[in-house]
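A.B. asks: Using numbering that gives the first Met the number 0, you'd call the opening residue of the sequence shown number 0 and step up by one each time.
Sharing a structure with you now.
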Amino acid sequence: MVDRYEWFVIKFRERSGIDLSSYKRPQMERRIKSLMRSQNVNSYEEYIRLLAQDAAHYQKFLDHMTINVSEFFRNQSHWNILQDKVVPELLQNNSMLRVWSAGCSTGEEPYSLAMTLLEKAPGKFQKILATDLDNKVLEKAQKGIYNAKAVAGVPGSWLKKYFTSREDNFIIKDELKKWVTFQKHDLLKDSYPTNCDLILCRNVLIYFT
0 MVDRYEWFVI KFRERSGIDL SSYKRPQMER RIKSLMRSQN VNSYEEYIRL LAQDAAHYQK
60 FLDHMTINVS EFFRNQSHWN ILQDKVVPEL LQNNSMLRVW SAGCSTGEEP YSLAMTLLEK
120 APGKFQKILA TDLDNKVLEK AQKGIYNAKA VAGVPGSWLK KYFTSREDNF IIKDELKKWV
180 TFQKHDLLKD SYPTNCDLIL CRNVLIYFT
């Protein structure tokens, strides 16, 4: 008997180029079935037809299936190790660091990294490359607008230095924004940047099988 989930994965890959089989199946199945229920769809066959016919829901599906969980300076102890140990060691053998934030989501990780390097290694790194599969989150990252909860982990002095406060939001200043270049990139099929000294991929690695 044909596995209907695997059939769906194949059909979706043919349409979108995105291979859901590279992600943990239980997690993907839960997300798909949740969306199916929201549309009163009972079978994968019917859902594939819906995705082909309804452009708005197709985009909702893409947004729901991609992993977009991030925050500024998530797990502060890891960032302390990065700035106090990893970066100094890298600079022993490199005069100019090349850094890639893979699966950057809405920009919290690369902007956190840019602040860290501007404070701890000014003039010793190139523009940070930040990539993600999801156009929607890349647009949000490029705008650089975050609510108070999102920036809770940013040190107070850095918040004043690199953000502008406007009503209930905090906006990345151009002097920080200019150090990050955002690009669309599929980690599962696109070629990777070469000669990187530091690669951060914490937002996506735990979701791959």
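For each residue, glycine too, the CB sits at the ideal point set by N, CA and C.
Computed from a predicted model, the values in this text were never measured in an experiment.
1) Identify the continuous beta strand (DSSP E) that holds Ile9 and give its terminal residues.
2) On a Cα-Cα basis, can you pick out the residue from Leu175, Val8 and Asn92 that is closest to Glu118?
3) In or out: Trp6 buried (at least 16 other Cβ within 10 Å) or exposed?
4) So Tyr145 is in the beta strand (DSSP E); what residue range does that whole segment cover?
5) Near Val203, which residues of its chain fall below 8 Å by C-beta distance, leaving aside the five closest residues on each side in sequence?
6) Exposed or buried, which one is His184 when buried takes at least 16 other CB atoms within 10 Å?
7) Could you check the C-alpha separation between Ala55 and Leu61 for me, to the nearest Å?
8) Once DSSP output is grouped into helix, strand and coil, what is the label at Phe60?
9) Could you pull the DSSP bridge partners for Arg165 from this structure?
10) When we look at the beta-carbon of Ala151 and count the other beta-carbons within 10 Å, is it buried (16 or more) or exposed?
C.D. replies: Result, derived from the coordinates:
1) Taken as a continuous stretch (DSSP letters only), Ile9 belongs to no beta strand (DSSP E), being part of the alpha helix (DSSP H) at Arg3 to Ser15.
2) Leu175
3) exposed
4) Ile144 to Asn146
5) Ile66, Ala101, Gly102 and Leu186
6) buried
7) 10 Å
8) helix
9) Asn168
10) exposed
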